[in-house]
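To start, the structure under review is shown below, and the notes come after it.
Chains as they are written, first to last, in the working numbering: chain A, 211 to 311; chain B, -9 to 684; chain C, 731 to 901.
The structure is reproduced here in structure tokens:
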């Protein structure tokens, strides 16, 4: 398969940017979280591309770990969101501004 | 006159003992006296002085073999730079004369005092004070010995001050008694302060001597003064005049005599020893010792003679108007001291020393006899009170045991005292062949020869002397008793009368010391005083003085004994002399004048200083206004002007600045997560852009 | 234009479209499902890129487990429509601008700064197979595997604790 690595990287960059925009624009905490997952995913894609480019399986192994960490993070993060929802009764991130100075 | 340094004989080496024995005596009494009782105390004290007399005799013996004398160095005392004053004893005829007289008379008076004080402490109500008396008495003898044996101005001055201290201690012996509960203490204070003025004169003389002659030792000073000759006339006059001031203080002359009559507040042995025989003679001794200087300053010598003569007449006139038996004797002492000072001023040092010695004998005798009389009357008072009918109270008769107006007829009640008193009185009046005649007459002869003015004053004083002592004899011992106490008076015990008799013998035969033509004392003293004029015996002078003395006694007889005084009657002399007598009685107002001129002015000054300067100016104004308010203003400025605005301002300002900054910065903390993420993204973009575009 | 490229661009397009859809969708459930689709697309892309094992892991773990969890929570909490916000209106255009900036920088970095030639390399057929990955994993990266397992344990505990405290408080 002769897909130039740059194109894959470009796709990764696009997805990352979209994820960033999602974090900044959306107010639904869950959607924000999902955008973060999108960003992680795009990083994984870049890893895979480089793994193929440098003929090194380290990249793929790293993706493996990234997915693991993402799983853990999601578990805890969603638990947090549920806990916050219980007190605030809202998942609007703009509502969670108690740290306002 | 160069004195050999103790090479004349080992006896000279005993000289320091003359001071040591009384010191040992007084310390023994301090340590053991209270426990061992009165007999022990009296014995130790008298023995110490008797041993001193023994040492004086040995010095006499040594001196007979070596008449120029010797100088015995006891210890190194002061050695600073060019000033060298060792503590040395000068043993020469003058000092040995004084040593013998002082220790001899002191021994007799100590023995007398053991008896007198035994009664006195019981009369005054404090038997425990017996020991203290003899400690002070011995201390006095030690100090007097230091005075007469000193070979330098400074050593003499140590003794001078020492006797002054003992005088103060002994005058105020009964310090809680006297007028108003402090009378005796006030008398002691008066003596001390008046003496201080004299001491000031002595000190200035010492400073001048050191400044002019570079030394304080007699021999060196005299040598250098003679070498200086006429060039030093000014400083010599100054020195001698200041020495005279010192002498007027210690020997109670005009103007500083006022302390001596008040000093009669002390017990009678004190009056006899200190204020008749020894301490008051220190001034005359000091002038005799400095005869070289006075010889080189004839102007001062004239002043000395006139002061002495004037004092003699002045004091004699006051003595005529006194009722207190001891006051009469006190003024008599002042008057006789005036005789001696006048003689010294005239240059008749031998006459002065001769009269000093004889006067010591008969004046001590008179004082001790007066003490005997006083105690006899006191005993009579208690005796009368005990045997009085129950209706008469003990305080029915207010008794002043010293008042002659309440005595009378005591010759029958106290015969021994009467006899010795008459001997003393005749000696004082100058009736031949008693001692006083020879010594007083020699002075009068010298005065007639050298200074007629002085002669006239002294002769007048001699007349008054005979009159007042006669008055005293007639009033006290003749006539009828004018009080119950006198009627029941009792003779004194043997321990008192025996010394009186010894003194009477000395007063009777003391003239043998310096009989005219023989001049034993004169030749003896010539070794120290240089060539002295052997005063010739002038019959007209002697006859005139004897006649005046008899006249005086006779006049007194007419007034006081021909028609004996009645009880409570006034002095007949008042009718005769009128206002003159009032003046005599009131001592010519000298004490009052001094009080008004000096003492009250001093009190006013100190009160003004205290009130105005110290309190109102210093405390109220300066401390409160200047210091207080100034300090308050300064602190207020510091706190309000500096601390609050500047320091607090800085601290507060810093805080407000921080708060303002924080307020501004707080805006960044919006609390929105999205904003935080946005700032993150901005940072990432910026850094990435920078890195890529670099 | 080879088949691979066409395949790549197709997959890329789907990925981007689903991503955009996820962002734009007002309904959280739609967002979740679109994201699942995205992940699956990316998994296929992995397959194309010789990462077969990873692709399967992506599908089973990421898309299958994680996103399902997401879906659970979305169903539980967040399917309500949030009212439009009046605050931080300015942030949306700014974020878009910045995101595009970031994209621009990244693309610049990718296409301009080439060190060595990155033409499509020839890879072995077994590259990325489970066996090769597994061997590599358990030989060279054993410690990280263990650490990862502990991490998962901690995460699990954390999730339990976080939600449990709430219950106690409720009592």
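Glycine included, every Cβ here is placed at the ideal spot set by N, Cα and C.
This structure is a prediction, so every number in the text was calculated from the model and none was measured.
Item                                                                                                                               : Value
Simplified DSSP assignment, three categories, for residue 821 of chain C                                                           : helix
Nearest-angstrom beta carbon gap, residue 375 of chain B and residue 477 of chain B [assumed within contact, 8 angstroms]          : Contact flag wrong, Cβ pair sits at about 12 angstroms.
Residue 270 of chain A - containing alpha helix (DSSP H), residue span                                                             : 268 to 298
Enclosing beta strand (DSSP E) for residue 164 of chain B [first to last residue]                                                  : First-last for residue 164 of chain B: undefined, no H or E at that position.
Which of helix, strand or coil DSSP assigns to residue 140 of chain B                                                              : strand
Within chain A, partners of residue 678 of chain C - CB distance below 8 angstroms                                                 : Outside the shown range of chain C, which is 731 to 901, sits residue 678 of chain C, and nothing can be said about it.
Under 7 angstroms from the C-beta of residue 679 of chain B: neighbouring residues of chain C                                      : 835
Within chain C, the residues that residue 672 of chain B reaches when beta carbons sit closer than 7 angstroms                     : 828
Same chain, Cβ closer than 7 angstroms to residue 386 of chain B, five either side skipped, listed in chain order                  : Here the model assigns residue 386 of chain B a pLDDT of 45, short of 50, so the residue's position is not dependable, and the following value carries that caveat. Correct list: empty, nothing qualifies.
Unbroken beta strand (DSSP E) run spanning residue 76 of chain B, endpoints                                                        : 73 to 81
Coil, strand or helix - residue 292 of chain B by DSSP                                                                             : helix
Any C-beta of chain C under 7 angstroms from that of residue 628 of chain B                                                        : no
Residues that residue 560 of chain B bridges to, as DSSP identifies them                                                           : Beta-bridge pairing links residue 560 of chain B to no other residue.
Nearest-angstrom Cα separation, counted from residue 269 of chain A out to residue 260 of chain A                                  : 7 angstroms
Euclidean distance between Cα positions of residue 209 of chain B and residue 142 of chain B                                       : 8 angstroms
Residue 403 of chain B classed as buried or exposed, judged by whether at least 16 other C-beta atoms fall within 10 angstroms     : buried
Rounded straight-line distance, which links the Cα of residue 652 of chain B to that of residue 249 of chain A                     : 35 angstroms
Distance between residue 485 of chain B and residue 120 of chain B (C-alpha atoms, nearest Å)                                      : 16 angstroms
Short Cβ contact (7 angstroms threshold) for residue 867 of chain C with residue 271 of chain A                                    : yes
Minimum Cβ-Cβ distance from residue 662 of chain B to chain A less than 7 angstroms                                                : yes
Best match in B/148, B/314, B/29 and B/411 for proximity to residue 359 of chain B [C-alpha to C-alpha]                            : B/411
Spatially closest choice to residue 262 of chain B from B/8, B/301, B/318 and B/353, by CA coordinates                             : B/353
Given 8 angstroms, three or more beta-carbon pairs between the stretch 457 to 473 of chain B and the stretch 547 to 554 of chain B : yes
Assigned exposure category for residue 627 of chain B - 16 Cβ within 10 Å defines buried                                           : exposed
Beta-carbon proximity check, residue 422 of chain B vs residue 320 of chain B, cutoff 7 angstroms                                  : no
Extent of the continuous alpha helix (DSSP H) run through residue 70 of chain B                                                    : Premise fails: residue 70 of chain B lies in the beta strand (DSSP E), 60 to 70, not in any alpha helix (DSSP H).
Test: residue 320 of chain A CB closer than 7 angstroms to a CB of chain C                                                         : The structure shown does not extend to residue 320 of chain A, since chain A is modelled only from 211 to 311, so the question has no answer here.
As assigned by DSSP and simplified to three states, the class of residue 780 of chain C                                            : coil
Residue 185 of chain B classed as buried or exposed, judged by whether at least 16 other C-beta atoms fall within 10 angstroms     : buried
Residue from B/125, B/44 and B/557 with nearest C-alpha to residue 18 of chain B                                                   : B/125
Bridge partner(s) assigned by DSSP for residue 376 of chain B                                                                      : DSSP, once it has assigned bridges, lists no residue as partnering residue 376 of chain B.
Interface residues of chain B facing residue 255 of chain A [CB-CB closer than 9 angstroms]                                        : Correct list: empty, because the minimum Cβ distance to chain B is about 19 angstroms.
Short CB-CB distance (under 7 angstroms) between residue 309 of chain A and chain C                                                : no
Strand pairing of residue 238 of chain A, partner residues [DSSP]                                                                  : A/302
Neighbour flag for residue 753 of chain C against chain B, beta carbons, 7 angstroms                                               : no
Nearest neighbour of residue 487 of chain B, chosen from B/118, B/613 and B/98 [CA to CA]                                          : B/98
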